[in-house]
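Peer 1: My questions all concern the structure below.
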Amino acid sequence: MIKMFEFVDLNNNEYFYNNDTGMIFPKLYSGEFENLQSCKIANINKGQIQQIEEFADVLNNNTHIWNQDLLTDNYYVDNGIKQLTFKLTNQCNLRCKYCTYSNHYKNTDTYNNKVLDFETSVKAIDIYMGYIEDHNRVNNGIKVQPHFTFYGGEPLLQYELITRIVEYIKDKYKDFVPQYLMTTNGVLLNQERVDFLKDNKFFLSLSIDGYLENHDRNRVSQEDKGTFNQINNLVNKYLRDYDKWNIFMCYDILTDFNRLKSEENFGDGSDWFFKKIAKVTPVMDINTDYYDQFSDTDINEFRNNFRQMRENYIRNKIENNPIDIISSIIYDYEFIMLDDRQKFRFGGSFYETPIGNCIPGDKLFLQTDGTFTLCEKVPNFPELIIGDINNGIEIKKVQDLIKKINKDLLINCKSCEISKLCMFCYSILEKDDKNKITINTDVCESQKTTLRNKLGNYVYLKTKNPDVFNRFFIDKYISRIYG
1 MIKMFEFVDL NNNEYFYNND TGMIFPKLYS GEFENLQSCK IANINKGQIQ
51 QIEEFADVLN NNTHIWNQDL LTDNYYVDNG IKQLTFKLTN QCNLRCKYCT
101 YSNHYKNTDT YNNKVLDFET SVKAIDIYMG YIEDHNRVNN GIKVQPHFTF
151 YGGEPLLQYE LITRIVEYIK DKYKDFVPQY LMTTNGVLLN QERVDFLKDN
201 KFFLSLSIDG YLENHDRNRV SQEDKGTFNQ INNLVNKYLR DYDKWNIFMC
251 YDILTDFNRL KSEENFGDGS DWFFKKIAKV TPVMDINTDY YDQFSDTDIN
301 EFRNNFRQMR ENYIRNKIEN NPIDIISSII YDYEFIMLDD RQKFRFGGSF
351 YETPIGNCIP GDKLFLQTDG TFTLCEKVPN FPELIIGDIN NGIEIKKVQD
401 LIKKINKDLL INCKSCEISK LCMFCYSILE KDDKNKITIN TDVCESQKTT
451 LRNKLGNYVY LKTKNPDVFN RFFIDKYISR IYG
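Position 29 (the sequence shown) corresponds to 29 in the UniProt record's numbering; numbering is contiguous.
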């Protein structure tokens, strides 16, 4: 039985998406899809149905489900580890109201005085570089360069530690060209620190939430004062002559997108914001009560405005009109992923149902206590600890985690009609009262609703202008983030 996902485009034309093949085709008959399989549609014959089924078999046979017990250190040597992130501190000089350290998020750490020490950092670096060196040695001269990311809390609170880490890497691993990245609120930038960051070619991502009033609603000091003017002054003073930085921003129900998109009405900072904005994402709405503060009126108004913005984007895309940078960042990426969906269908997985999640250990996130978890986004569940500075990646822990997620969660995804377009991430994991890993079923339904809308918009654009995505490349999106 071929599983189909039904949706409509903006003209209410009906379509099917097939999860096995990634194919999209019109619903040519008003009956159920079983009519198609029974060949009750005149212009689709049994031979064509057989071809679809054979194509599905080929694709599925090229997506191997490996036994978790076969996962060994060789996996990380063969594939490499993308980056090592240092959680330098749980402290922060700001108190942003949507921060995952705030009381709004139930499964994450809170602000505390824990800090990473140099000795722990060195051990983690040597473990990570050991995998990099082994990978480069066995891959016939294909040399992977290390990526180090500095994270917090606010990483610049541990500026002296950052300098010691960088000097250690430069001194011990002279044959490599490491890339350094940092996510910062920017408030602690000064001449000495900026000179160091520039000298070592750091790529900086500054958290700035658009125009002054929007930024200052949430990104506040410990005294509850807005920080936009301070950031504006620091950018103008220190970053005008530096190209390796960008802006990540968050929005919520009260963000005025008409103002956000308008260079004319933006206010202070418009001369650098629109050149450097790279990522525009909503405040996380899973496992949080953050959105409880907004009224139904506010929510409905936001949805209407957001819908209008999407409609304007689609119309301008069809007519080849200029599109503002904010709309482009928000909507381009989702269409890139849909248009390139076949690129991500092959490969292997240790998971029962290969969806959007990575393999634990593809990245390493070093916590202040010397343990490794998956990344900065995941909840602080003990099952997500996959090693430490004394043992490196502990294969048994990775295997046990994969088995638990398979057993508790992903076995239920086998029958899902959109699993191969799923945006599942470990960050949305929860636990029930039996210690079972799960996710809120509302998340699944929300993904299906969202995907129906995205597929409908995508097909509408393609039918109106078949060449609309010919110049879309995932590299275009990534380059805006990482330069």
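C-beta atoms are modelled at their ideal positions from N, C-alpha and C, and glycine is treated no differently.
Exposed or buried, which one is residue 388 when buried takes at least 16 other CB atoms within 10 Å?
Peer 2: Counting from 1 along the sequence shown, the entry for residue 388 is found at position 388. Buried, because 16 or more other Cβ atoms sit within 10 Å of the Cβ of residue 388.
Peer 1: In angstroms, rounded to a whole number, what distance separates the CA positions of residue 378 and residue 163?
Peer 2: In the sequence shown, the residue the question calls residue 378 occupies position 378. In the sequence shown, the residue the question calls residue 163 occupies position 163. Roughly 27 Å separates the two Cα atoms.
Peer 1: Rank 107, 185, 395 by C-alpha distance to the C-alpha of residue 487 and give the top, closest one.
Peer 2: Only positions 1 to 483 of the chain appear in the structure, and residue 487 is not among them; the question remains open.
Peer 1: Going by DSSP, what residue range makes up the beta strand (DSSP E) through residue 24?
Peer 2: Locating residue 24 in the sequence shown gives position 24, where the first residue counts as 1. 24 to 26 is the extent of the beta strand (DSSP E) around residue 24.
Peer 1: Rounded C-beta distance between residue 150 and residue 206? I'm assuming under 8 Å.
Peer 2: Walking along the sequence shown from the start, residue 150 turns up at place 150. Walking along the sequence shown from the start, residue 206 turns up at place 206. The Cβ separation is near 13 Å, so there is no contact.
Peer 1: Which residues bound the alpha helix (DSSP H) around residue 305?
Peer 2: Working through the sequence shown from its first residue, we reach residue 305 at position 305. 296 to 318 is the extent of the alpha helix (DSSP H) around residue 305.
Peer 1: May I have the straight-line CA-CA distance separating residue 443 from residue 462, to the nearest angstrom?
Peer 2: Taking the first residue of the sequence shown as position 1, residue 443 is located at position 443. Taking the first residue of the sequence shown as position 1, residue 462 is located at position 462. Approximately 28 Å between the Cα atoms of the pair.
Peer 1: Starting from the Cα of residue 143, find the closest Cα among 79, 247, 104 and give me that residue.
Peer 2: In the sequence shown, counting from the first residue as 1, residue 143 sits at position 143. It is 79.
Peer 1: Could you tell me the boundaries of the alpha helix (DSSP H) in which residue 293 lies?
Peer 2: Sequence index remark: in the sequence shown, residue 293 carries index 293 (1-based). Neither: residue 293 is in no alpha helix (DSSP H) and is coded neither H nor E.
Peer 1: With a Cβ-Cβ cutoff of 7 Å, do residue 455 and residue 25 count as a contact?
Peer 2: For the purposes of this step, residue 455 is taken as the residue at position 455 of the sequence shown. For the purposes of this step, residue 25 is taken as the residue at position 25 of the sequence shown. No, Cβ-Cβ distance for residue 455 and residue 25 is not below 7 Å.
Peer 1: Between residue 84 and residue 368, what straight-line distance do the alpha-carbon atoms span, to the nearest angstrom?
Peer 2: On the sequence shown, residue 84 is found 84 positions in, with the first residue counted as 1. On the sequence shown, residue 368 is found 368 positions in, with the first residue counted as 1. Going from the Cα of residue 84 to the Cα of residue 368 covers about 13 Å.
Peer 1: According to DSSP, residue 262 sits in a beta bridge with which residue or residues?
Peer 2: Numbered from 1 along the sequence shown, position 262 holds the residue referred to as residue 262. Answer is none; residue 262 lacks a bridge partner.
Peer 1: Distance, Cα to Cα, residue 274 vs residue 232?
Peer 2: Your numbering for residue 274 matches position 274 in the sequence shown. Your numbering for residue 232 matches position 232 in the sequence shown. Their backbone Cα atoms lie some 13 Å apart in a straight line.
Peer 1: From 395, 338, 330, pick the residue whose C-alpha is nearest to that of residue 359; which is it?
Peer 2: Mapped onto the sequence shown, residue 359 falls at position 359. Residue 395 is the option with its Cα nearest to residue 359.
Peer 1: Please specify which runs of the beta strand (DSSP E), each continuous and at least 3 residues long, are wholly inside the region 137 to 195, giving them in chain order.
Peer 2: If we require 3 residues or more, the beta strand (DSSP E) runs fully inside the region 137 to 195 come out as 147 to 151, 179 to 184.
Peer 1: Comparing C-alpha positions only, which one of 235, 251, 253 sits nearest to residue 506?
Peer 2: In the structure as shown, the chain begins at 1 and stops at 483. Residue 506 is therefore absent and cannot be evaluated.
Peer 1: Give me whichever residues DSSP pairs with residue 282 in a beta bridge.
Peer 2: Locating residue 282 in the sequence shown gives position 282, where the first residue counts as 1. Looking at the DSSP assignment, residue 282 forms a beta bridge with 251.
Peer 1: Pull up the CB-CB distance for residue 91 and residue 167, whole angstroms please, since I reckon it's below 8 Å.
Peer 2: Stepping through the sequence shown from its first residue, residue 91 is reached at position 91. Stepping through the sequence shown from its first residue, residue 167 is reached at position 167. Not quite, the Cβ-Cβ distance comes to about 23 Å (not below 8 Å), so this is no contact.
Peer 1: With DSSP as the reference, label residue 337 as helix, strand or coil.
Peer 2: In the sequence shown, residue 337 corresponds to position 337, counting from 1. Residue 337 falls in the helix class under three-state DSSP.
Peer 1: What is the rounded straight-line gap between the Cα of residue 336 and the Cα of residue 469?
Peer 2: Here residue 336 is taken as the residue at index 336 of the sequence shown, counted from 1. Here residue 469 is taken as the residue at index 469 of the sequence shown, counted from 1. C-alpha separation (whole angstroms): 8 Å.
Peer 1: Closer than 8 Å by C-beta to residue 257: which residues in its own chain qualify, once you throw out the five before and the five after it? Chain order, please.
Peer 2: Here residue 257 is taken as the residue at index 257 of the sequence shown, counted from 1. Taken in chain order, the residues that qualify are 251, 305, 306, 309, 326.
Peer 1: CA-CA distance, residue 140 and residue 147?
Peer 2: Position 140 of the sequence shown, counting from 1, holds the residue named residue 140. Position 147 of the sequence shown, counting from 1, holds the residue named residue 147. In a straight line, the C-alpha of residue 140 is about 21 Å away from that of residue 147.
Peer 1: Please determine, among 365, 265, 430, 384, the residue with the shortest C-alpha to C-alpha distance to residue 82.
Peer 2: On the sequence shown, residue 82 is found 82 positions in, with the first residue counted as 1. The shortest Cα separation from residue 82 among 365, 265, 430, 384 belongs to 365.
Peer 1: Closer than 6 Å by C-beta to residue 316: which residues in its own chain qualify, once you throw out the five before and the five after it? Chain order, please.
Peer 2: As a position in the sequence shown, residue 316 is number 316, starting the count at 1. Once the five neighbours on either side are set aside, the close Cβ partners of residue 316 are 323.
Peer 1: Let's see if you can read the secondary structure: which residues bound the beta strand (DSSP E) around residue 85?
Peer 2: Counted from its first residue, the sequence shown places residue 85 at position 85. Where residue 85 is concerned, the enclosing beta strand (DSSP E) stretches over 84 to 87.
Peer 1: What's the C-alpha gap between residue 446 and residue 283?
Peer 2: Looking up residue 446 in the sequence shown gives position 446. Looking up residue 283 in the sequence shown gives position 283. Each residue's alpha carbon lies about 16 Å from the other.
Peer 1: Which residues in the same chain have their Cβ closer than 6 Å to the Cβ of residue 32, if we skip the five residues on either side of it in sequence?
Peer 2: In the sequence shown, the residue the question calls residue 32 occupies position 32. Interpretation of residue 32 is limited by its pLDDT of 45, a score under 50 that renders its predicted location unreliable; no figure is taken from the coordinates.
Peer 1: Can you list, in chain order, the residues of its chain whose CB lies under 6 Å from that of residue 261, leaving out five sequence neighbours each side?
Peer 2: Counting from one through the sequence shown, the residue named residue 261 turns up at place 261. Around residue 261: 324, 326.
Peer 1: Mind checking whether residue 230 and residue 280 have CB atoms under 7 Å apart?
Peer 2: Within the sequence shown, numbered from 1, the residue matching residue 230 stands at position 230. Within the sequence shown, numbered from 1, the residue matching residue 280 stands at position 280. Cβ distance not < 7 Å, so residue 230 and residue 280 don't count as in contact.
Peer 1: Using CA atoms only, rank isn't needed, just tell me which of 247, 465, 94, 300 is closest to residue 157.
Peer 2: Numbered from its first residue, the sequence shown carries residue 157 at position 157. Here the closest residue by C-alpha is 94.
Peer 1: What residues match up with residue 18 in a beta bridge as DSSP calls it?
Peer 2: As a first step, residue 18 is located in the sequence shown; it is residue number 18 there, counting from the start. DSSP output for residue 18 lists 4 as bridge partner(s).
Peer 1: Between the region 209 to 227 and the region 173 to 183, do three or more beta carbon pairs fall short of 8 Å?
Peer 2: Counting Cβ pairs under 8 Å, fewer than three are found: no touch.
Peer 1: Can you give the beta carbon distance from residue 220 to residue 99, rounded, assuming they're within the 8 Å contact cut?
Peer 2: For this step, residue 220 is matched to residue 220 along the sequence shown. For this step, residue 99 is matched to residue 99 along the sequence shown. So it is not a contact: roughly 10 Å between Cβ atoms.
Peer 1: Hey, how far is the Cα of residue 137 from the Cα of residue 340?
Peer 2: Along the sequence shown, one-based indexing puts residue 137 at 137. Along the sequence shown, one-based indexing puts residue 340 at 340. Cα-Cα distance, rounded: 32 Å.
Peer 1: Tell me which residues share the same chain as residue 400 and place their Cβ nearer than 8 Å to its Cβ, disregarding the 5 neighbours each side in the sequence.
Peer 2: Taking the sequence shown and counting its residues from 1, the one referred to as residue 400 is at position 400. Closer than 8 Å at the Cβ level, and outside the excluded window around residue 400, lie 383.
Peer 1: Below 7 Å between beta carbons: does that hold for residue 437 and residue 409?
Peer 2: Residue 437 sits at position 437 when you count from the first residue of the sequence shown. Residue 409 sits at position 409 when you count from the first residue of the sequence shown. Yes, they are a contact pair.
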